[in-house]
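K.L.:
Just remember that the working numbering sits 78 ahead of the position in the sequence shown, which is counted from 1. We put the CB at the ideal spot given by N, CA and C, even for glycine. These numbers were taken from a predicted model, which means no experiment stands behind them.
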Amino acid sequence: MAGRPGLDPTEEGKSYSALFVLLVAVLLVSAVWSIWDDNISRRPWKQYQVEWDHLAYDKYMSDAAEEQKRLNADPTYQKVSKDLADAQKQLDSGATAAKLADLRAQLVDLNNTANDKDQLVRFTKSYLTERWYDYNHAIQYKQDATPYKAEIDKLNAELAQENIVSDKAKANLQAVKDQIEALNSKVDTLTEQMKKLTAKRDDFFDKADTWMIPVKFRSTILFRYPKIPKIQQTAIDDFDRNAFDEAIARVDRCQSCHMGADKKGFENAPEPFRTHPNFDQIILKHPPDKLGCTPCHDGQGPAVSSVRLAHGDDPDWDSPMLRGDKMQSLCIKCHIDVGSLRDAAGKPIAANWVEGERMFQQMGCAGCHLVAGYEDMPKIGPYLKLASAKLDPSWTVRWITDPHVFRPHTRMPNFYFTRDQATQLAAFLFDSSAKNSKDWTTAHPELPTLEADIKNPAFVEEGKGLFESVGCKGCHAIDPDQYGTPVGVAEGFKPAEARTAKDFAPNLSKIAEKTSASWIYTWLKNPRDFSPHTAMPSLRLSDHEAEALTAFLMTHGEKKEDAGVDTALKDPENIKAGEALVRKYGCFGCHEIEGMDKESRIGVELTTFGSKHLDELFFGNQTNIPETWNDWTFHKLQTPRIYQTKDVEQLMPNFDFDDADIINLRVFLAGMTDGKVQERYRDPGSEHQKQIVGGRRMVNYYNCVGCHIIENRGGYIRRFYPEDQINFAPPILNGEGFKVQPEWLFTFLQGPTPIRPWLKIRMPTFHFTNAEDDTIVNYFTAQSDINVPYMFINTNLTPPSELQAGAKLMTKDYFNCFSCHQQGDKKPEGPESGWAPDLALAHQRLNPDWMLKWIANPPSLQPGTKMPSFYPGGPDDILGGNQDAQIRALRDYIFWFGTHPGETIPGQVAEVPAKVSNAETRPTPTKVTKK
79 MAGRPGLDPT EEGKSYSALF VLLVAVLLVS AVWSIWDDNI SRRPWKQYQV EWDHLAYDKY
139 MSDAAEEQKR LNADPTYQKV SKDLADAQKQ LDSGATAAKL ADLRAQLVDL NNTANDKDQL
199 VRFTKSYLTE RWYDYNHAIQ YKQDATPYKA EIDKLNAELA QENIVSDKAK ANLQAVKDQI
259 EALNSKVDTL TEQMKKLTAK RDDFFDKADT WMIPVKFRST ILFRYPKIPK IQQTAIDDFD
319 RNAFDEAIAR VDRCQSCHMG ADKKGFENAP EPFRTHPNFD QIILKHPPDK LGCTPCHDGQ
379 GPAVSSVRLA HGDDPDWDSP MLRGDKMQSL CIKCHIDVGS LRDAAGKPIA ANWVEGERMF
439 QQMGCAGCHL VAGYEDMPKI GPYLKLASAK LDPSWTVRWI TDPHVFRPHT RMPNFYFTRD
499 QATQLAAFLF DSSAKNSKDW TTAHPELPTL EADIKNPAFV EEGKGLFESV GCKGCHAIDP
559 DQYGTPVGVA EGFKPAEART AKDFAPNLSK IAEKTSASWI YTWLKNPRDF SPHTAMPSLR
619 LSDHEAEALT AFLMTHGEKK EDAGVDTALK DPENIKAGEA LVRKYGCFGC HEIEGMDKES
679 RIGVELTTFG SKHLDELFFG NQTNIPETWN DWTFHKLQTP RIYQTKDVEQ LMPNFDFDDA
739 DIINLRVFLA GMTDGKVQER YRDPGSEHQK QIVGGRRMVN YYNCVGCHII ENRGGYIRRF
799 YPEDQINFAP PILNGEGFKV QPEWLFTFLQ GPTPIRPWLK IRMPTFHFTN AEDDTIVNYF
859 TAQSDINVPY MFINTNLTPP SELQAGAKLM TKDYFNCFSC HQQGDKKPEG PESGWAPDLA
919 LAHQRLNPDW MLKWIANPPS LQPGTKMPSF YPGGPDDILG GNQDAQIRAL RDYIFWFGTH
979 PGETIPGQVA EVPAKVSNAE TRPTPTKVTK K
């Protein structure tokens, strides 16, 4: 056959089959690879979901098996199973089975008959409808409707007859159904009981079937296959802002892999299938199907092509996933009161953030760095407008050179000043305070007998007793190896090292080296007379007590004079240079210094520090520090001038923070970001939450936790009390807002009066302003979530019978209350460690509602209390044994004798109208102000 024109004839004989086969193979491999790459290697979430399906199936089947094991041991289940088997066996055999079969056969026939009769009724009704139409049509067109009416009457008669027959057929059918139901009733009842008993097990089976879908033939499961993988996506409307400041949705696909995060029971599963910790407190209040995961955890929510990208571990992604302790940092973006977020055990959920914020406040960071919300924090350093009236010149120079040599645990940081710089700074401080100090010293002359008295060993010994008893140790340590109230993590405290927890108040082991006896005496008498804003309160010491305490303190340390210091401090050049150093290093951020009241902060603003990109962080010449935000911040806090170079000076001093405190501060700073969450996604925040935040700052500033346990924290002075004398320690103030009346608390804070006068420790006077008093009262009230803080009890309306019952319950024959409680000037019997407050003052101090709960169950309000529990188990012969009535009678009698001192219970009172109660609600405004 002739070939095509122009074509080499030999080409027709060549075979390209091998090439075609090769190309087909390449095409096939490419197709398989592209499908694999698109569906498997670039979709790791699919494999995770398959693994989750198997994990969840195995877990629920295991749970079902455990539940079945429990059921097998349950006597009720055993009985119902046996009864059900017996009932079913009886139903399936013998005369019952024959009767049931006969009834079922009848049921078929009767059902057909009933249907036929009902069909006839429906046909007749249809004919009637047709005839009625014809009848109405004839009338409307003025035709003869008589034939239609006759037919309608005939059909109605037939319908009535057919209804009788149909109803009879239905009745016969129902009768047979009732017989069948009666025969089956026992089995049906037991089956329902069995369903209730096995509901939990069956729920596990249903859940298992959800994740591994069964393929059945009849009732037999042939095999199972996992659910088809599917992207789990949450769109959070208007959560983010774009470059044009427009609200846009945030897409979150985290649960495409983290399938178990919102499901209980997978707490021990491997990641990414583990149940989210603090499930009830976090997941139930922040459902991922509405809020996603990235608002709290950060990361790249839409990414699903790799774990690295999904977690945001990419140089080009600004907010990588928060890990470890840093996960707590974003709580503040939505919650006003992070400190009150608690887990099931009552511990702070964001403990590191809370500790970090407290460190930020108590270390005075806001003195140099502006942070939104912390602009008005009080200065934490000593008052230096009277520096020369207080400080020893030589000591001052040594202190400024390196404070940590004198007090390793001081909050004062080390600025690495040279001896010359320290001298210059001291020169300026002494010069700027000279006039004020002279006036103050003139107004506070030294006691003529002070120098002699402080050398008296009896005075020293008495002062030691006062220091250990009146409350000084709540804030101050006197031993160089101890701390008072710690600032930072106290666990693992290292006495000889500076890099550890700090002292809230100065360690007084070398106080005599620093100052004079005259200044100590005057300071102890009235701290605010020297420093207007000091946190140091007055212990209302008598002149004699102040002298004794001064004598004891002056035995700790001795003066060390350095040659030439006095002359150097008067050098005008040093004074001028010292002023420049104060301005440069921002000493006025922590201290009140004469002439520096209007100076601004010297540090960078930290309001959005957590959002700083790596490009904004200067690593200097450090090449051994990983270039991450976490590492930069950690090393900056650990060694503040580590990034300094020859050309870049850095001024931040070294606080010698412990590593644990650095981590807490870093968590706090990580929450300082520039993004703002939309109002609808924020916790709205109540007035109570704002009051708690404000009150907590005051508690931190005045160190109330040095003596008291508040919010389950503090009470550091309690470690100095033996276990059998812990009742002599200051009271625990958890729940104080529910316990006491706010008006009483306000008055008490203004001028404390002894509640347990036999105690040696004293509640000091802080000289709070009315506004500060309001803040603390509202803090405690808000802590207890009290809106109407207390009920006013009108004791004049208490029935005499109730008063008599209360009085009888308090006698020696029953509860013997006065064996522990003081009565006016009459002290109780037994050792002081078992004494309790005077109940005659309860009506002024205690919340009546709190008293009811306290009498009913004291340990529920204060675990470990020595107050005995009398209920349940009250006497049967008083008020008919009604325990609630007895508790009310006790409360009302205590209030009555407090408001009627010396009076006897009246024999009768005027009849009270039925609508009048002895308890009247007295709404108290949230803010209590005394003028």
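Just how far apart, CA to CA, sit Leu97 and Arg121?
P.N.:
Here residue 97 refers to the residue found at position 19 of the sequence shown. Here residue 121 refers to the residue found at position 43 of the sequence shown. When rounded, the distance between both Cα atoms is 34 Å.
K.L.:
Check each candidate in Gln252, Lys195, Asp266 and Ile720 and name the one with the smallest Cα separation from Asp161.
P.N.:
By one-based count along the sequence shown, residue 161 stands at place 83. Checked all of Gln252, Lys195, Asp266 and Ile720; the closest Cα to Asp161 is Asp266.
K.L.:
Any heavy atom of the ligand FMN closer than 7 Å to the CB of Asp509?
P.N.:
Although the ligand FMN was asked about, the structure shown includes no ligands whatsoever.
K.L.:
Measuring straight from C-alpha to C-alpha, what distance separates Pro877 and Met888?
P.N.:
In the sequence shown, counting from the first residue as 1, residue 877 sits at position 799. In the sequence shown, counting from the first residue as 1, residue 888 sits at position 810. Each residue's Cα considered, the two are about 17 Å apart.
K.L.:
On the premise that Ser616 lies in contact with Asn604, defined as a C-beta separation below 8 Å, what is that separation, rounded to the nearest angstrom?
P.N.:
On the sequence shown, residue 604 is found 526 positions in, with the first residue counted as 1. On the sequence shown, residue 616 is found 538 positions in, with the first residue counted as 1. So it is a contact: roughly 6 Å between Cβ atoms.
K.L.:
What is the rounded straight-line gap between the Cα of Gly749 and the Cα of Asp916?
P.N.:
Translated into the one-based positions of the sequence shown, residue 749 becomes position 671. Translated into the one-based positions of the sequence shown, residue 916 becomes position 838. If you take the alpha carbons of Gly749 and Asp916, they lie about 48 Å apart.
K.L.:
For Pro426, which residues does DSSP report across the bridge?
P.N.:
Residue mapping note: residue 426 aligns to position 348 of the sequence shown, counting from 1. Beta-bridge pairing links Pro426 to Arg420.
K.L.:
Contact defined as beta carbons within less than 8 Å: I believe Thr501 pairs with Val475. What is the distance between those atoms, to the nearest angstrom?
P.N.:
Stepping through the sequence shown from its first residue, residue 501 is reached at position 423. Stepping through the sequence shown from its first residue, residue 475 is reached at position 397. Contact flag correct, Cβ pair sits at about 5 Å.
K.L.:
Go through the region 851-911 residue by residue and report every complete run of the alpha helix (DSSP H) that reaches 4 residues or more, in order.
P.N.:
If we require 4 residues or more, the alpha helix (DSSP H) runs fully inside the region 851-911 come out as 878-887.
K.L.:
Do the region 819-828 and the region 846-853 make contact, defined as three or more Cβ pairs closer than 8 Å?
P.N.:
At 8 Å Cβ cutoff, the stretches touch.
K.L.:
Determine, using beta carbons only, whether Ser515 and Glu639 come nearer to each other than 8 Å.
P.N.:
In the sequence shown, residue 515 corresponds to position 437, counting from 1. In the sequence shown, residue 639 corresponds to position 561, counting from 1. For Ser515 and Glu639, no; Cβs fall outside 8 Å.
K.L.:
If you pair each beta-carbon of the region 566-575 with each one of the region 724-738, do three or more pairs fall below 8 Å?
P.N.:
A contact exists between the region 566-575 and the region 724-738.
K.L.:
Let me know the secondary structure DSSP gives Thr269 once reduced to three states.
P.N.:
For this step, residue 269 is matched to residue 191 along the sequence shown. Three-state result, Thr269: helix.
K.L.:
Tell me the rounded alpha-carbon separation between Ile326 and Cys371.
P.N.:
Residue 326 sits at position 248 when you count from the first residue of the sequence shown. Residue 371 sits at position 293 when you count from the first residue of the sequence shown. Cα to Cα, Ile326 sits roughly 17 Å from Cys371.
K.L.:
For the beta strand (DSSP E) that Arg328 lies in, which residues bound it at each end?
P.N.:
Taking the sequence shown and counting its residues from 1, one reaches residue 328 at position 250. Residues Ala325 to Asp330.
K.L.:
For the candidate residues Gly952, Arg969 and Leu968, whose alpha-carbon lies nearest to that of Gln961?
P.N.:
Locating residue 961 in the sequence shown gives position 883, where the first residue counts as 1. Here the closest residue by C-alpha is Gly952.
K.L.:
Check whether the region 100-108 and the region 270-281 are in contact - that is, three or more C-beta pairs closer than 8 Å.
P.N.:
Segments in contact, no.
K.L.:
For Ile414, which residues of its own chain have a beta-carbon under 8 Å away from its beta-carbon, when the five flanking residues on both sides are left out?
P.N.:
Looking up residue 414 in the sequence shown gives position 336. These residues qualify, in order along the chain: Asp761, Gly763, Gln767, Lys768 and Val771.
K.L.:
Would you say Ile118 faces chain D, with C-beta separation under 8 Å as the test?
P.N.:
The structure shown contains no chain D; it holds only a single protein chain.
K.L.:
Evaluate Ile489 with the Cβ neighbour count: other Cβ atoms within 10 Å of its Cβ, from every protein chain shown; 16 or more gives buried, anything less gives exposed.
P.N.:
Position 411 of the sequence shown, counted from the first residue, corresponds to residue 489. Before going further, note that residue 489 is Arg rather than Ile in the sequence given. Arg489 should be labelled buried.
K.L.:
Quick check on the DSSP output: the beta strand (DSSP E) that includes Lys294 runs from which residue to which?
P.N.:
For the purposes of this step, residue 294 is taken as residue 216 along the sequence shown, with counting starting at 1. Taken as a continuous stretch (DSSP letters only), the beta strand (DSSP E) holding Lys294 covers Met290 to Phe295.
K.L.:
What did DSSP end up calling Phe806 once you bin it into helix, strand or coil?
P.N.:
Mapped onto the sequence shown, residue 806 falls at position 728. Of the three classes helix, strand and coil, the one that applies to Phe806 here is helix, per DSSP.
K.L.:
I think Ser596 touches Glu524, with their Cβ atoms under 8 Å apart; what is that distance to the nearest whole Å?
P.N.:
The residue labelled residue 596 in the question sits at position 518 within the sequence shown. The residue labelled residue 524 in the question sits at position 446 within the sequence shown. Indeed, because the Cβ distance is near 4 Å, the residues count as touching under 8 Å.
K.L.:
Return the chain-ordered list of same chain residues with a C-beta closer than 7 Å to the C-beta of Glu636, the five sequence neighbours on each side being excluded.
P.N.:
Taking the first residue of the sequence shown as position 1, residue 636 is located at position 558. Ala590 and Glu591, listed in sequence order.
K.L.:
Please identify the residue among Arg679, Glu657, His522 and Asp531 whose C-alpha is closest to the C-alpha of Phe608.
P.N.:
Start at 1 with the first residue of the sequence shown, and residue 608 comes out as number 530. Of Arg679, Glu657, His522 and Asp531, the residue nearest in Cα terms is His522.
K.L.:
Name the two residues that bound the continuous alpha helix (DSSP H) containing Asp454.
P.N.:
Taking the first residue of the sequence shown as 1, we reach residue 454 at position 376. Asp454 -> no alpha helix (DSSP H), and no H or E assigned at all.
K.L.:
Give me the Cα-Cα distance between His336 and Pro481, rounded to the nearest whole angstrom.
P.N.:
Here residue 336 corresponds to residue number 258 of the sequence shown, with the count starting at 1. Here residue 481 corresponds to residue number 403 of the sequence shown, with the count starting at 1. Cα to Cα, His336 sits roughly 51 Å from Pro481.
K.L.:
Tell me where the alpha helix (DSSP H) around Ala1059 begins and ends.
P.N.:
Any question about residue 1059 goes unanswered here, given that the chain covers just 79 to 1009.
K.L.:
Run through the DSSP bridge pairs and tell me what Ser616 is partnered with.
P.N.:
Taking the sequence shown and counting its residues from 1, one reaches residue 616 at position 538. DSSP, once it has assigned bridges, lists Thr843 as partnering Ser616.
K.L.:
Once DSSP output is grouped into helix, strand and coil, what is the label at Tyr949?
P.N.:
What you label residue 949 is simply residue 871 of the sequence shown in a count that begins at 1. Tyr949 falls in the coil class under three-state DSSP.
K.L.:
Please state the DSSP three-state secondary structure of Tyr226.
P.N.:
Within the sequence shown, residue 226 is the residue found at index 148, counting from 1. In the structure shown, Tyr226 sits in a helix (DSSP, three-state: H, G or I).
K.L.:
Excluding five sequence neighbours on each side, which residues of the same chain lie with their C-beta closer than 7 Å to the C-beta of Thr174?
P.N.:
Working through the sequence shown from its first residue, we reach residue 174 at position 96. Contacts found: Gln168 and Leu261.
K.L.:
Quick check: what's the CA-CA separation for Thr479 versus Pro486?
P.N.:
As a position in the sequence shown, residue 479 is number 401, starting the count at 1. As a position in the sequence shown, residue 486 is number 408, starting the count at 1. Roughly 13 Å between the two C-alpha positions.
K.L.:
Rounded to the nearest angstrom, what separates Val990 and Ser879 at their Cα positions?
P.N.:
Translated into positions along the sequence shown, residue 990 becomes position 912. Translated into positions along the sequence shown, residue 879 becomes position 801. Confidence at Val990 is low in this model, with a pLDDT of 35, below 50, so the placement of that residue should be treated as unreliable; the coordinate-derived value is given next. Rounded to the nearest angstrom, the two C-alpha atoms are 14 Å apart.
K.L.:
In whole angstroms, what separates the C-alpha of Trp710 from that of Gln728?
P.N.:
Position 632 of the sequence shown holds residue 710. Position 650 of the sequence shown holds residue 728. Their backbone Cα atoms lie some 15 Å apart in a straight line.
K.L.:
In whole angstroms, what is the alpha-carbon distance linking Gln900 and Pro906?
P.N.:
Stepping through the sequence shown from its first residue, residue 900 is reached at position 822. Stepping through the sequence shown from its first residue, residue 906 is reached at position 828. The alpha-carbon atoms of Gln900 and Pro906 are separated by roughly 5 Å.
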